[in-house]
Structure formats: C-alpha cells, structure tokens
Amino acid sequence: MAAGFGAKVVVIEEFRVGGTCVIRGCVPKKLYVYASRFSDLFDVAGSFGWQVDARFDWPTLVANKETEITRLEAAYVSALEAPGVDIIRDRAVVTGANSIKLIKSGQELEAEHILIATGGHPRVPDIPGAELGITSNEAFDLAALPHSILIEGGGYIAVEFATIFAGLGVNTTIIYRGDCLLRGFDMDMRRGLESGLQNRGIKLIYQTTIRSLERQGDDVSVAFSDGVTAPFGAVMFATGRVANVEGLGLETAGVEINDAGNITVDVYSQTTCPSIYAVGDVTGRAALTPVAIREGWYFAETVYNDNPLAVDHSMIPTAVFAEPELGVIGLTEQEAATHGDVDIYVSRFRPMMNTLSTRTDRMILKLITEPNGGKVLGCHILGPGAAEMIQLVAIPLSVQATKADFDRAMALHPSAAEEPGYIQVTKLLLPERHQGLAPIVPWQVGQGLLSPCQMDRGKRFGRTA
Ligand SMILES: Cc1cc2nc3c(=O)[nH]c(=O)nc-3n(C[C@H](O)[C@H](O)[C@H](O)COP(=O)(O)OP(=O)(O)OC[C@H]3O[C@@H](n4cnc5c(N)ncnc54)[C@H](O)[C@@H]3O)c2cc1C
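Be aware that the sequence shown starts at 2, since it is given in this note's numbering, and climbs by one per residue.
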C-alpha cells in the first residue's frame, strides 16, 4: 500500500514471507481442519447409503500443505515486488528513531518511517522438561502423528488443534487451568462447544496444569498439578502468545512497551517515537490477520496518502475452527448485561446433515439486540458453516442493522442461516445468569435437558427489569 502511494519501501523478514498466518498459522491450520473433518463426514456417510473404507496418511497432508504455503509465499513475494518493494532476508534491530541494523549482513539502513510488524511467538511455560513439548509452530510438521496428545491451554489454538488431532485419529486430551474453554466467548457457545468436543471423544481436564515433563521411551511422561502422572505420545503448549519485542532495540528509540508486553500505539498506530509505527500482533490490539492487514493499510493511508484513518476495533468477526465451528461478532450475553436493556434470542436445532444419522449435535444461533427489534449488538453461531455465516453477518452489523432488519430479510430454505428470520419467537429472560449468583448449567447436548434460557422463553432480560 505504501509503495502504491509512492513511498520507497524495504521489507525485512527473518523467516519466510507471509508471516505467521501463511506459514504457521491460519492457512495451514485451516487446511488441517479440513483434513480432520473427513472423519465426521465418514461418520455420517453410512446414513446416506455410502460405505467408506478410509485410511489417513499424515506425510501426504504435510507435504501438500508445504506445497501450498510455498505457492502462497511466492505469491506474496510477487505482490511485494510488483509495486517496487525491496525484500531483505535478515533480522532487523532498531538503532534509533530513523535507523535499523541488519544482524546477518551488519548493514545499517535509514528511513523516514519505521513500521514494526514483528508479530508474536508461542509462550512456553517455565517448567522442568518444557523442551519436550511442542507448540503450534512444530505441530504442523511432526515427523509422524502421535498415538495420543495432551494439549495445554483453553484458547482457540488449543481447541482448534484438539479438533485437528482428534479428527485425524489421535487420542486427544485438553488440560486447562480454568473451568471452561474459550474465556471471553459467550457462555452458551462455550458450553455448546465443550459438549461438541466431548462428543468427538476429546477429554477435558480442568483446573489442572502441567508441573513437569520427562522422556519415557517414545512417550513423554506428564506430571500434573494434582499429583497424577501419565504418559502421552506428544504434549503441546497452547498457553498464549508473546509479542516479539525482545532484542528489537526499541528502547534506543524511546518506543514504549505496555504492561501486557505489547508496543503502545495511538489510534493511527504511531508509537511513542513519532517516526516509528507498529501494527499487528506486536501491538496486542486484536491478534487476527484481517486486523493486522487493516492496521497496516491505514498506516499507509495516514502516513503516505495524507488520509488519516483509525481502525475501528469494536466489531470484529472471529471464528474458532473447531468441531463444532464457532463464529462470533459483537457483544456476548455476559458483556451485554452491562449495557442496559437487551433482548436475547436463541435457537437450537439439529443440523440437517445429521438428521439421517444418530448424531445428536445441536447447532446454536444467538442474537443479542437492543430491546424491541433494536440494533443487533452481537451474533454467535455454533455449528457447520458458522465462520462463513458470521463474515456475512458482519456486513449488516457494520451498518448498525436492527433485529427488525434481520426479520425483514427473506429466508433461504433449507439452510441453517435462515434461522435468524425465525428466532424472534425465542426471546429469553436470563437475569439470574447475570447476577453472578446462579452457576451456568452446562448444555447437555442430545440428552434432552434444557438450559435455563430455554425454560424462560418469552420473557425479556433487562438491567431495569
Ligand atoms: C496457530 C495459529 C492459528 C491462527 N489462526 C488464525 C485465524 O484462523 N484467523 C486469524 O485471523 N488469525 C489467526 N492467527 C493469528 C494470525 O496469524 C496473526 O494475527 C497474524 O499473523 C498477525 O500478523 P502480523 O503481521 O502482526 O505478525 P506475523 O504474521 O507474526 O508476522 C511477523 C513477521 O515478522 C518476522 N519478524 C519478527 N521479528 C523480526 C525481526 N526482528 N526482523 C525481521 N523479521 C522479523 C517474523 O518472522 C514474521 O514473519 C493464528 C495464529 C496462530 C499461531
């Protein structure tokens, strides 16, 4: 973008062009999620009359993934070179407000502006034997699939990799120090996803951590905080990510790092050193590729196109590519409870794909709106196609669509996405769930038990109610 606006641009990359997303994040992850979902399809295939004799070959997946990310990397290089960007393969360290040094070549460069987009890396717990564990960086290229895996963490990376490994036939366990996965997401979605993972045979161990790891033959022996010890074929840490700020020389230019370890920036991504800007994961605003891209684009508009633009971080659609899949945008029910009167609409049903089989998974759609057909404040979808749906929901939400707008749209039948057109009948009252008194009752998917919100159908929650 900056080169397109006429700037002379040099990109310095120490690893592979494309960054985490292309090389060891979103792209390979989604390819592996696709691979893992075949087992779900084979599961229901019989109910549609198919007999499938399937075998999985891990090296084929790894090799084909590598071919694809190499193709993408080349495409990114071409896209940079086309407008005249120079690419230098080296590690850069800031040496002043307008200067950097290249570590391999020793060369020094000066620039009017420096943009820091160094991303982050996986956090590995400081425990004995930690080097025996892997992170998402290594998980894509394991020499062989382990017979079992223990994944520590409760965020989306833990959940997605659990889905991948379980779908590929690995005996999978998640261990998490909290008491429910995906902190910060809507509670109904968290419970629904938890049930979905368990339906796929993923074991969940809560309120426990890993104390130490030790080699035990081909396995890794894990000592847990509750005193139990057990062997696993592999152990993966998905315990958060750390911004790449260490050893960057930021202090020499007066670039401030905040308490969370990220670079402090203003709304235009300018750091505390006026000639240095920072975008993406290293700023800790929202660690997602489209957000990093938008921040970079707006930096170029602001600095090189005389068009100051600030990224709006308030309505970001996001997905968890687990099984079941989760797509969300806007407020959760728990957050909405602090915003005055809101209406909550929930619909829960069996995806049509499963209706010929004995599978009991439920899809959940949830809308959070201002009262009486007002503005839609949040949308949460759990089930097949959730990510694709939520991306399109982001469009009406970006123009402040109301529940009445959603209701006015003609439904497309048969689809799961037609559901928001019908769910006005399930207006809910959930006050006891917001007072911090009553615990959330877990969804008991497929066992005929209703959640409290379904039982309170027809009433409305509001702070003033
Ligand atoms: C397993 C995984 C799955 C993910 N899935 C998704 C997803 O589904 N959707 C989504 O939106 N986001 C996803 N993300 C997050 C997404 O990858 C990041 O938000 C995004 O890549 C951030 O882009 P960035 O440019 O800030 O940093 P990065 O993509 O991390 O790029 C930083 C680059 O800087 C280079 N670098 C670092 N320091 C230096 C230095 N000193 N000198 C030279 N080069 C340096 C690095 O080698 C790297 O290439 C995922 C992340 C992971 C780890």
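Backbone N, C-alpha and C define an ideal beta-carbon position, used for all residues, glycine too.
| Asked | Found |
| --- | --- |
| Within 10 angstroms of its Cβ, does Ser315 collect 16 or more other Cβ (buried), or is it exposed? | exposed |
| Please report how far the alpha carbon of Ala395 lies from the alpha carbon of Gly5, in whole angstroms. | 28 Å |
| Are the stretch 82-91 and the stretch 5-15 touching, with three or more C-beta to C-beta distances below 8 Å? | yes |
| Enumerate, from N- to C-terminal direction, the unbroken alpha helix (DSSP H) stretches of 4 or more residues contained entirely within the stretch 147-182. | 157-168 |
| Regarding Lys105 and ligand 1, is the C-beta to nearest heavy atom distance less than 6 Å? | no |
| Identify the residues that DSSP records as bridge partners of Thr265: which are they? | Note: Thr265 sits in no beta bridge, so no partner. |
| Could you give the distance in angstroms between the alpha-carbon of Thr359 and the alpha-carbon of Pro60? | 33 Å |
| Enumerate in chain order the residues of its own chain whose CB-to-CB distance from Arg184 is below 7 Å, with the five nearest sequence positions on each side excluded. | Gly155 |
| Note down, in chain order, each residue of its chain lying with its Cβ closer than 6 Å to the Cβ of Ser276, except the 5 sequence neighbours on either side. | Ala98, Asn99 and His114 |
| If you run the structure through DSSP and keep just helix, strand and coil, what is Gln436? | Note that Gln436 scores a pLDDT of 43, beneath 50, so its modelled location is shaky; the value from the coordinates is reported in the next line. The answer is coil: DSSP assigns Gln436 none of H, G, I, E or B. |
| Taking only the alpha-carbon atoms, compute the straight-line gap between Ala83 and Val268 and give it to the nearest angstrom. | 29 Å |
| Let me check you understand the geometry: is the CB of Lys30 closer than 6 Å to at least one non-hydrogen atom of ligand 1? | yes |
| Can you tell which of Leu143, Pro123 and Asp344 has the C-alpha that lies nearest to the C-alpha of Glu371? | Asp344 |
| Using a Cβ-based criterion (distance less than 6 Å to any ligand heavy atom), does Leu73 qualify as near ligand 1? | no |
| I'd like to know whether the C-beta atoms of Thr240 and Glu153 end up nearer to each other than 7 Å. | yes |
| If I measure Cβ to Cβ from Arg212 and keep anything under 7 Å in the same chain, skipping five residues before and after, which residues do I get? | Ile128, Ala224, Phe225 and Ser226 |
| Comparing the CB of Leu183 with every heavy atom of ligand 1, is any distance shorter than 6 Å? | no |
| Any heavy atom of ligand 1 closer than 6 Å to the beta-carbon of Asn245? | yes |
| Given 6 Å as the limit, tell me if Ser137 has its C-beta closer than that to any heavy atom belonging to ligand 1. | yes |
| Measuring only from the beta carbon, is Ile264 closer than 6 Å to any heavy atom that is part of ligand 1? | no |
| Tell me which same chain residues have a C-beta within less than 7 Å of the C-beta of Val426, skipping the five on either side of it? | Because Val426 sits at a pLDDT of 37, beneath the cut-off of 50, its placement in the model cannot be relied upon, and the point is left open. |
| Give the secondary structure of Pro129 by DSSP, where H, G and I count as helix, E and B as strand, and everything else as coil. | coil |
| Hey, Ala235 and Asp282 are a contact pair by Cβ (cut 8 Å); roughly how many whole angstroms apart? | Not a contact, Cβ separation roughly 26 Å. |
| Note the first and the last residue of the continuous beta strand (DSSP E) segment covering Thr319. | Thr319 to Val321 |
| Classify Glu419 as helix, strand or coil using the three-state DSSP reduction. | coil |
| Just to confirm, are Leu73 and Val23 a CB contact at a threshold of 7 Å? | yes |
| Using only the alpha-carbon positions, how far apart do Arg1 and Ser222 sit? | Nothing can be reported for residue 1, as the shown portion of the chain is limited to 2 through 466. |
| Taking 8 Å as the threshold, find out whether the stretch 295-312 comes into contact with the stretch 50-60 through three or more Cβ pairs. | no |
| Taking 6 Å as the cut-off, does the CB of Arg38 come closer than this to any heavy atom belonging to ligand 1? | no |
| Would you tell me roughly how many angstroms separate the C-alpha atoms of Asp342 and Val321, rounded to the nearest one? | 28 Å |
| Pull up the DSSP beta-bridge partners for His122, would you. | Val243 |
| Would Asn263 be called buried (16 or more neighbouring beta carbons within 10 Å of its own) or exposed? | buried |
| Which residues in the same chain have their Cβ closer than 8 Å to the Cβ of Gly248, if we skip the five residues on either side of it in sequence? | Val94 |
| Taking the alpha-carbon of Gly228 as reference, which of Arg295, Thr209, Asp219 and Pro352 has the nearest alpha-carbon? | Thr209 |
| Mind checking which residues open and close the alpha helix (DSSP H) that includes Arg201? | Run containing Arg201: none; DSSP gives neither H nor E here. |
| Unbroken alpha helix (DSSP H) runs of length 4 or more, entirely within the stretch 309-369: which are they? | 334-337 |
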